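Q: Mind looking over this structure? Questions follow.
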């Protein structure tokens, strides 16, 4: 997959420590990297940036590559929220009208505890909702990348 991979370390045993992030650019060229609207410079293709943010970090990590913007329009963003690593949450926010890069969040040393029943309930709630806010994305949005073509679409016909 081409895009940006974010590896986060959120150890349960360390509640008041800083949060290390590893941001890997899997895009075929260098990308401008932003954390909370502050430029971190360009991240070269296939390179990783190791950065430590405060444990109270709540914000967005994104790139303006491929038509993205600092105003959040047309930009896939990784959002992180929470006051300590025991209650932190993260999500992927996307603009439905434009997909600038793929993004993947992989927690390190942190178990994701979601049952099949919870997944079904969240997915059903998302299907019943006509509009989702940035903070109430379905679980599928939180832990997966977009699939092309969309699941409800038929493949193109051969001529």
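In mature numbering (1 follows the signal peptide of the UniProt record, and there is no 0), the protein residues as written are -17 to -1, 1 to 142. Glycine residues also receive a C-beta, built at the ideal position from the N, C-alpha and C atoms. Quick caveat, the model's predicted, so the values are computed rather than measured.
Tell me whether residue 51 sits in a helix, a strand or coil according to DSSP, three-state version.
A: coil
Q: Take residue 114 and list the residues in its own chain whose beta-carbon comes closer than 7 Å to its own, dropping the five residues that flank it on each side.
A: Below a pLDDT of 50, predicted positions are generally treated as unreliable, and residue 114, at 38, falls in that range; the measurement from the model is reported next regardless. So the list is empty, once near-sequence residues are dropped.
Q: For residue 4, name the three-state secondary structure that DSSP assigns.
A: strand
Q: The beta strand (DSSP E) that contains residue 23, what's its start and end?
A: From DSSP, the beta strand (DSSP E) with residue 23 extends over 21 to 26.
Q: Determine the burial state of residue 16: buried for a count of at least 16 other Cβ atoms within 10 Å of its Cβ, exposed for fewer.
A: buried
Q: Identify the continuous beta strand (DSSP E) that holds residue 64 and give its terminal residues.
A: 60 to 64
Q: Pull up the distance between the alpha-carbon of residue 79 and that of residue 37, whole angstroms please.
A: Cα to Cα, the separation comes out at about 31 Å.
Q: Quick one: Cα of residue 72 to Cα of residue 2, how far?
A: So the two alpha carbons sit approximately 13 Å from each other.
Q: Could you check the C-alpha separation between residue 174 and residue 46 for me, to the nearest Å?
A: Here the chain covers residues -17 to 142 and nothing more, so residue 174 does not appear.
Q: If you check the beta carbons only, do residue 57 and residue 83 fall under 8 Å apart?
A: yes
Q: Mind checking who residue 16 pairs with in its DSSP beta bridge?
A: 46
Q: With a CB to CB cut of under 7 Å and the five nearest residues on each side skipped, what residues in its chain are close to residue 50?
A: 57, 81, 83
Q: Across which residues does DSSP place residue 37 in a beta bridge pair?
A: In DSSP, residue 37 forms no bridge with anything.
Q: Nearest by alpha-carbon distance to residue 33: which of 7, 43, 63 is it?
A: 7
Q: Using C-beta distances below 7 Å, list every residue in its chain close to residue 30, excluding the 5 sequence neighbours before and after it, in chain order.
A: 8
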